[in-house]
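Quick note on our numbering: the sequence shown kicks off at 596 and runs consecutively.
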Amino acid sequence: MAQSPRTWWLGRLDAFLSEAQRQSPPGELGRYRLLVGATLLLLVVSLMVAGSAPFFEPDVQARLGVGLGLASGFALALVFLRRWGSLRAASLLVCGLLVGGYMLATFAMPSPAIGAHATIMLIPALSVYLLGVRTGLLVTGFFCLNAAVLLPLYLSEFGARAPLFARPEMWISGVLDSVILLLGYGLSALFRMARDEAAATVLESERKLLSLIESTDDPVSALDPQGGLIIANTAARRLFLEAFGRDARMGDRLVAQSSEEKRAEWQAQLNRALQGHSVRYEVSFRAGERTVALDLSLYPILGEGGRPVGVTAFGRDITERKETEAKLGELHRSLMEVSRQAGMAEIATGVLHNVGNTLNSVNVSALLVAERLHGSRAPLLVRATDLLREHEADLSAFLAEDPRGRQLPEYLSSAARHVVEEQAALLEEMRGLIRNVEHIRAVVSMQQAHARFGGQVEQVPVSALIDDALRLHASSYERSGIRILREYAEVPPVPLDRHKLLQILVNLLNNARQALVECGREDKQLSIRVRREGEERLRIEVGDNGVGIAPENLARLFAHGFTTKKDGHGFGLHASALAAEEMNGRLSCVSGGRGQGATFIIELPMRGQEASA
């Protein structure tokens, strides 16, 4: 950022001051700068007097001596000011050099005109501004005494050369010079008093402002255009001490020890504020053993012409809020993990119900097979073959003449028919066994597949996923006499988390089954509808004609811990609502009241979670 001429000149003046002097309050810093500027100007004038001495005969030596002497004195005054730093002592030294040097010049180069030299107007102006009204009056009065009395006496050699008032023009000139000096003093004093009054007013305003900013526990500070500290309240100073290990001083840069990335971000935000914009952003930094988070607001300080001349910074310590948000986030993740595990447990329960019921069928089929094998005619065929083997030598005679032999063909035919019938029955039972085992395998595979894909976004055929959820409850629906109605519109696969949607569906289907069982009606009916709402939304409705929901319970149905079940925990619907929100969707419920059934509605974006990526 380019420096203005004023800033450049002030920087040159500040180079003669110590670091502590540059950190002085604005009023005192202004007097330091004026003292340096006046001393430098007087130093240059003194050198000019010394340099021009050859042109002023016969006062060459006097001018050279006075000029070099004053130049040395003013140079020493600058060294004294920087080394020892006392503004009043340095001001007394400079004013004393100016008065003493001028008096020395009047006596070394005696002339009535020298008393009216333009330089004399610096004496009341500097003395009043640097030393105050009273001390300035003493300095000005002493100089008036020199101009009105001492110089005319010296020029008349105290009456030795001529009568004291032989040349009245000298006395009149001295008196006029004194009057002009006193007039200059009066104007300077009026200016000083007006300035002091204005400064007192400003100081009072600053006290009120400081009282205002000190009344808050939030850090508040004002910065110059370079980002240097101008003023800060106790909270800001305390935070600065905690962050940097030392007290804040005027001109300190708030991000001097931060990383390059944070300094660049801070400079960008500061530049925006200096362009007249209000800026708000969050910043975090290390402060001792902890990390502090601030909600920082920057507002421009407008000067003449509405141009920004600085920035006010208001900070809100949001460390506790951030820590709370982090804890809530962790709690939310834990809740969702518990929800996922609860959903998996519910799915596993459905799997166990299905597998258990199917295993009952497998057990019955196995017993029937065992009974049929136990009563099989196959051992009779063995006995018949044994008879044939016994009469192998006279087989023709045995079959023709022996009563047992004559019955053997009919016996074999009957036994063969029974064996064929047994085989058909056993094959049918085995097919049933295979179907039941395949059903067990399919249910277990489905549960494993859904568990495996938890947390991933994929293209999910929603209708097929609903059928999977229904299959988990199929046996309990059948036992309870619940009729299932499906109304599936043509919907393309939707990108979403398969497990989260399955978790919601399993929970809603289980709640619907319980509501239907509790209602005690004969025509228990569970309806599932899938349809699109426009081009962007998918709507899944799970409705039942069960016990319904009281109107006063609808508003808090999804709140954590709320339940109407005796053995409920108020977790399932809350977790389902959270899962729907995580998929950029919504879970809601409508019910006509008790005994009127209920319909739960899942609304999801057709573009799924990818839409928010």
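Ideal placement from N, C-alpha and C gives every residue a C-beta, glycine not left out.
Exposed or buried, residue i, counting other C-beta atoms within 10 Å across all chains shown (16 or more means buried)?
i, result
"proline 707", "Any reading at proline 707 must be qualified, since the residue scores a pLDDT of 49, below 50, and its modelled position is unreliable; the value itself is stated next. Proline 707 is buried by the Cβ-count criterion."
"serine 1207", "Any reading at serine 1207 must be qualified, since the residue scores a pLDDT of 44, below 50, and its modelled position is unreliable; the value itself is stated next. The residue in question, serine 1207, is exposed, as its Cβ has fewer than 16 Cβ neighbours within 10 Å."
"valine 874", "buried"
"serine 681", "exposed"
"alanine 995", "exposed"
"leucine 1103", "buried"
"isoleucine 1099", "buried"
"phenylalanine 786", "exposed"
"arginine 729", "exposed"
"isoleucine 1077", "buried"
"leucine 612", "buried"
"valine 734", "buried"
"glycine 840", "exposed"
"lysine 1119", "buried"
"threonine 602", "exposed"
"aspartate 989", "exposed"
"alanine 742", "buried"
"serine 854", "exposed"
"tryptophan 604", "exposed"
"valine 689", "buried"
"methionine 765", "buried"
"aspartate 981", "exposed"
"leucine 1121", "buried"
"alanine 789", "exposed"
"valine 1137", "buried"
According to the Cβ coordinates, are residue i and residue j closer than 9 Å?
i, j, result
"glutamate 1113", "valine 1142", "yes"
"glycine 731", "valine 723", "yes"
"isoleucine 1061", "isoleucine 1123", "yes"
"valine 887", "tryptophan 861", "no"
"asparagine 1105", "glycine 1192", "no"
"leucine 893", "glutamine 864", "yes"
"valine 1057", "valine 1125", "yes"
"proline 1146", "serine 1186", "yes"
"phenylalanine 737", "valine 770", "no"
"alanine 1084", "arginine 1127", "yes"
"alanine 827", "alanine 817", "yes"
"leucine 635", "leucine 687", "no"
"alanine 830", "aspartate 842", "no"
"proline 1200", "arginine 1132", "yes"
"alanine 685", "leucine 676", "yes"
"alanine 859", "serine 783", "no"
"lysine 1095", "alanine 1174", "yes"
"leucine 642", "glycine 668", "no"
"phenylalanine 909", "leucine 891", "yes"
"alanine 795", "leucine 717", "no"
Below 8 Å on the Cβ atoms is my contact criterion, and I expect residue i with residue j to pass it. Report the Cβ-Cβ distance as a whole number of Å.
i, j, result
"leucine 665", "leucine 629", "Not confirmed; about 19 Å, so no contact."
"leucine 869", "proline 820", "6 Å"
"leucine 1182", "phenylalanine 1153", "7 Å"
"histidine 1068", "arginine 1108", "6 Å"
"isoleucine 1079", "isoleucine 1135", "Wrong, their Cβ atoms sit about 15 Å apart, outside the cutoff."
"glutamine 618", "arginine 844", "5 Å"
"alanine 648", "valine 639", "Actually they do not touch by this definition, with Cβ atoms about 15 Å apart."
"valine 904", "glycine 898", "4 Å"
"arginine 1097", "alanine 1064", "The sequence given here places leucine at residue 1097; arginine does not occur at that position. With a Cβ gap of about 6 Å, leucine 1097 and alanine 1064 count as contacting."
"arginine 802", "glycine 822", "Actually they are not in contact, since the Cβ atoms of arginine 802 and glycine 822 sit about 26 Å apart, beyond 8 Å."
"leucine 608", "valine 644", "Not quite, the Cβ-Cβ distance comes to about 23 Å (not below 8 Å), so this is no contact."
Based on the DSSP secondary-structure assignment, which residues constitute the bridge partners of residue i?
i, result
"arginine 875", "Ser892"
"isoleucine 1196", "Glu1136 and Ser1183"
"threonine 886", "Arg881"
"proline 903", "Leu897"
"alanine 584", "Summary: the structure shown does not reach residue 584, with the chain confined to residues 596 through 1208, and so no result is reported for it."
"glutamine 1002", "BP columns for glutamine 1002 are empty, so no partner."
"glutamine 1054", "Pro1090"
Next item on the list: For the region 1077-1152, list the alpha helix (DSSP H) runs that are entirely contained and at least 4 residues long, ordered along the chain.
Entry: 1093-1114 and 1146-1149
Next item on the list: Please specify which runs of the beta strand (DSSP E), each continuous and at least 3 residues long, are wholly inside the region 808-863, giving them in chain order.
Entry: 815-818 and 824-827
Item checked: Length at least 3, wholly inside the region 599-669: the beta strand (DSSP E) runs in chain order -> Qualifying beta strand (DSSP E) stretches: none in this window.
Notebook entry, point to check: At what residue ranges does the region 734-810 contain a whole run of the beta strand (DSSP E), taking only runs of 3 or more?
Noted result: none
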